[in-house]
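Enquirer: This is the structure, below, for whatever I ask next.
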Amino acid sequence: MNPGLPSLPHWQQQLQRVAEHAAERARLLGATAQTGVSERVGRSITVRHGEVETIEHHRERTLSVTVYLDGRTGHAATSDLSPRAIEATVQAAVAIARHTEPDPAAGLPDPSWLADPSAAPDLGCYHPWSVTPETLIALTQRLEAAGTAQTGIVNSEGATCTTEVELSAIANTLGFSGVTAETAHSYSCVLLAQSDDGSLVRDGAWASRRVADQLPDPEAIGVEAATRTLQRRNARKLATGRYEVVFSPEVAPSLLSHFVAAASGGALYRRATFLLERFETQLFPEWFSVQEDPWLPQGFGSCPFDAEGVRVAPRLVIDQGRWVGRFLSSYTARKLGLVSTGNAGGAHNLLPTTTHDSLAALLATVDHGLLITELLGHGVNTVTGEYSRGAAGFWFENGAIAYPVHEITVSGTLPELFAGLIGVADDARPDRRFRLGSTAIAAVQIAGQ
1 MNPGLPSLPH WQQQLQRVAE HAAERARLLG ATAQTGVSER VGRSITVRHG EVETIEHHRE
61 RTLSVTVYLD GRTGHAATSD LSPRAIEATV QAAVAIARHT EPDPAAGLPD PSWLADPSAA
121 PDLGCYHPWS VTPETLIALT QRLEAAGTAQ TGIVNSEGAT CTTEVELSAI ANTLGFSGVT
181 AETAHSYSCV LLAQSDDGSL VRDGAWASRR VADQLPDPEA IGVEAATRTL QRRNARKLAT
241 GRYEVVFSPE VAPSLLSHFV AAASGGALYR RATFLLERFE TQLFPEWFSV QEDPWLPQGF
301 GSCPFDAEGV RVAPRLVIDQ GRWVGRFLSS YTARKLGLVS TGNAGGAHNL LPTTTHDSLA
361 ALLATVDHGL LITELLGHGV NTVTGEYSRG AAGFWFENGA IAYPVHEITV SGTLPELFAG
421 LIGVADDARP DRRFRLGSTA IAAVQIAGQ
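The following block contains the structure:
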């Protein structure tokens with residue numbers, strides 16, 4: 001990252017002033033308003049076959065303005081933060097609002113819902129990486145070289161190292177004004193190997209952290225990418241049937257993503273979810289609970305307040321298998337006659353119950369079945385709950401991986417998958433918002449040959 005970044009306090013004040021100024025301009029035009037300013041600065045290096053393929057540097061600024069006039073909503077945005085552009089953007093939002101239909105649910109959060117920014121906890125999410133392009137190139141070359149050096153790797157699709165800083169400020173005409181700062185640094189690598197029939201297989205590895213020093217060594221990522229790729233050679237098809245299934249930590253979080261989509265305010269007030277009338281009923285086994293924790297230190301779903309400035313706090317969303325927490329913004333809460341849960345902008349870190357120390361322990365308990373490491377397609381319907389996705393992974397016997405499998409389809413319903421949970425390993429990836437580790441599910445329908 002460019003060591004010439006402005007000091008954090010000065011940078012925060014700069015963006016906050018823009019957000020507050022835009023909100024004040026909207027107020028003077030007779031509107032209530034929420035404004036947001038974000039700035040992202042980053043650098044990305046891609047290396048292929050040891051040569052630098054791309055060096056990208058980006059710096060993006062955006063101001064968004066949402067205004068409310070008698071229940072009518074107008075929105076406008078700009079990347080130009082000059083005073084003239086700010087004024088024009090506010091006026092454009094107001095002009096749009098005059099032509100929209102009123103909605104009684106539209107408007108700013110109730111003042112009693114708003115957070116106190118001065119009381120926000122330090123979440124430890126801001127750690128810029130003072131690193132030169134030359135060093136990033138060297139790290140990326142080391143990453144790829146470690147992977148391609150493994151016997152059986154025949155090609156590389158490249159390795160990438162990325163570092164990014166993002167600051168965001170929001171303000172509204174109720175007097176709320178807050179700012180957040182976060183960083184993300186990552187390595188990734190994709191490699192190819194050849195099966196005995198000449199077909200190529202592809203896989204990779206990646207890692208992302210808030211703090212660059214907490215990243216694994218680049219060589220470790222390269223070797224992991226090679227190992228994952230080599231394990232996929234000579235994959236077999238599987239006979240159609242019902243099998244015990246274990247979702248790996250790379251794909252298991254998608255199960256929670258489907259739950260969140262179905263339990264979110266937009267789906268609920270539109271009555272477009274399979275969870276209708278199921279609030280506070282049993283969805284998962286009694287041993288399974290999920291906490292939402294927006295204050296998890298260095299979490300990728302951590303924040304001191306939501307995208308509207310509403311208070312957030314740790315809470316249970318699944319309690320001993322029962323669904324007890326919706327995901328609501330101010331608008332969707334009003335549509336449902338409820339209060340905001342602080343989820344404008346989405347769900348925060350989700351931390352589920354675990355039952356086993358590792359994937360190995362979970363596989364030993366299940367004994368035999370299918371370990372899924374890749375999911376394909378988008379055949380999940382959160383309105384009906386139907387689930388159908390292509391998959392690849394490994395057959396395991398006596399708790400040990402036996403051989404790779406491919407060209408299979410996992411099918412069923414989300415209620416069946418949720419109720420069928422039989423274990424969760426404590427191996428969730430720290431770079432995921434939804435920290436669900438390896439997850440075992442009983443008797444899942446698999447379509448194969």
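The sequence shown maps to residues 1 to 449 in UniProt numbering. Cβ coordinates follow ideal geometry from the N, Cα and C atoms, glycine included.
1) Let me check understanding here. Comparing Cα to Cα, which of I45, V41, T180 lies closest to R61?
2) Using the C-alpha atoms, what's the distance from P314 back to L123?
3) Can at least three beta-carbon pairs, one atom from the segment 292-306 and one from the segment 353-373, be found at a separation below 8 Å?
4) Which residues in the same chain as L375 place their Cβ atom closer than 6 Å to its Cβ, once the five residues preceding and following it in sequence are excluded?
5) Please classify G152: is it buried, with 16 or more other beta-carbons within 10 angstroms of its beta-carbon, or exposed?
6) Rounded to whole angstroms, what is the Cα-Cα separation between K237 and S79?
7) To the nearest whole angstrom, what separates the beta carbons of A307 and A347, a pair I think is in contact under 8 Å?
8) Do the segment 167-185 and the segment 242-249 meet, that is, are 3 or more Cβ pairs less than 8 Å apart?
9) Measuring only the C-alpha atoms, how far is P102 from Y331?
10) Closest to F442 by C-alpha separation, out of D427, L371, E386, N398, would be which residue?
11) For G241, count the other beta carbons within 10 Å of its own beta carbon; 16 or more makes it buried, fewer makes it exposed. Which is it?
12) Counting only runs of 4+ residues fully inside the segment 223-282, write out the alpha helix (DSSP H) ranges in chain order.
13) Taking the beta strand (DSSP E) that G158 falls in, what are its first and last residues?
14) Could you give the DSSP three-state label for residue 451: helix, strand or coil?
15) Return the residue from the list A23, R84, P304 that minimises the CA-CA distance to S118.
16) Assign E280 to buried or exposed, taking buried as 16 or more other Cβ atoms, counted over all protein chains shown, within 10 Å of its Cβ.
17) What do you get for Q12, buried or exposed, if any count of 16 or more other CB atoms within 10 angstroms of its CB means buried?
18) Just to confirm the assignment, what range does the alpha helix (DSSP H) spanning P83 have?
19) Can you list, in chain order, the residues of its chain whose CB lies under 6 Å from that of residue 488, leaving out five sequence neighbours each side?
20) With 16 as the cutoff for other CB atoms within 10 Å, does Q449 come out buried or exposed?
21) Any chance you could list the beta strand (DSSP E) runs of at least 3 consecutive residues sitting entirely within the segment 316-376, in chain order?
22) Relative to the C-alpha of G31, which candidate in Y68, T46, E39 has its C-alpha closest?
23) Would you tell me roughly how many angstroms separate the C-alpha atoms of S156 and T135, rounded to the nearest one?
24) Report the three-state DSSP secondary structure of F288 (helix, strand or coil).
25) I think V179 touches L15, with their Cβ atoms under 8 Å apart; what is that distance to the nearest whole Å?
26) Which whole-angstrom value is the C-beta distance of V312 and G325, which I expect to be below 8 Å?
27) Measuring straight from C-alpha to C-alpha, what distance separates L29 and H10?
28) Which residues share a DSSP beta bridge with G36?
29) Give me the Cα-Cα distance between R209 and T100, rounded to the nearest whole angstrom.
30) Would you check if the segment 379-389 and the segment 218-233 touch, i.e. whether three or more CB-CB distances between them fall below 8 Å?
31) For F305, write down the residues that DSSP places opposite it in a beta bridge.
32) Quick check on DSSP: helix, strand or coil for F434?
33) Going by DSSP in three states, P3 sits in which element: helix, strand or coil?
34) May I ask you to report which of helix, strand or coil DSSP gives I446?
35) In whole angstroms, what separates the C-alpha of T160 from that of G301?
36) Have a look at A26 and A212 and give me their C-alpha separation to the nearest angstrom.
Expert: So, from the listed chains and residues:
1) V41
2) 13 Å
3) no
4) V251, R389, A391
5) exposed
6) 51 Å
7) The Cβ separation is near 12 Å, so there is no contact.
8) no
9) 13 Å
10) Position check: residue 442 holds Ala in this sequence, whereas Phe was assumed. Nearest C-alpha to A442: L371.
11) exposed
12) 253-262, 265-269
13) 153-172
14) Absent from the structure is residue 451, since the part of the chain shown begins at 1 and ends at 449.
15) P304
16) exposed
17) buried
18) 83-97
19) For residue 488 there is no data in the structure shown, the boundaries of the chain being 1 and 449.
20) exposed
21) 350-352, 369-376
22) The displayed chain sequence assigns Ala, not Gly, to residue 31. When only C-alpha atoms are compared, the closest one is Y68.
23) 21 Å
24) coil
25) 6 Å
26) Wrong, their Cβ atoms sit about 12 Å apart, outside the cutoff.
27) 29 Å
28) S64, I170
29) 43 Å
30) no
31) R311
32) strand
33) Since pLDDT at P3 reaches only 48, below the 50 mark, its modelled position is unreliable, and no value is offered.
34) strand
35) 23 Å
36) 40 Å
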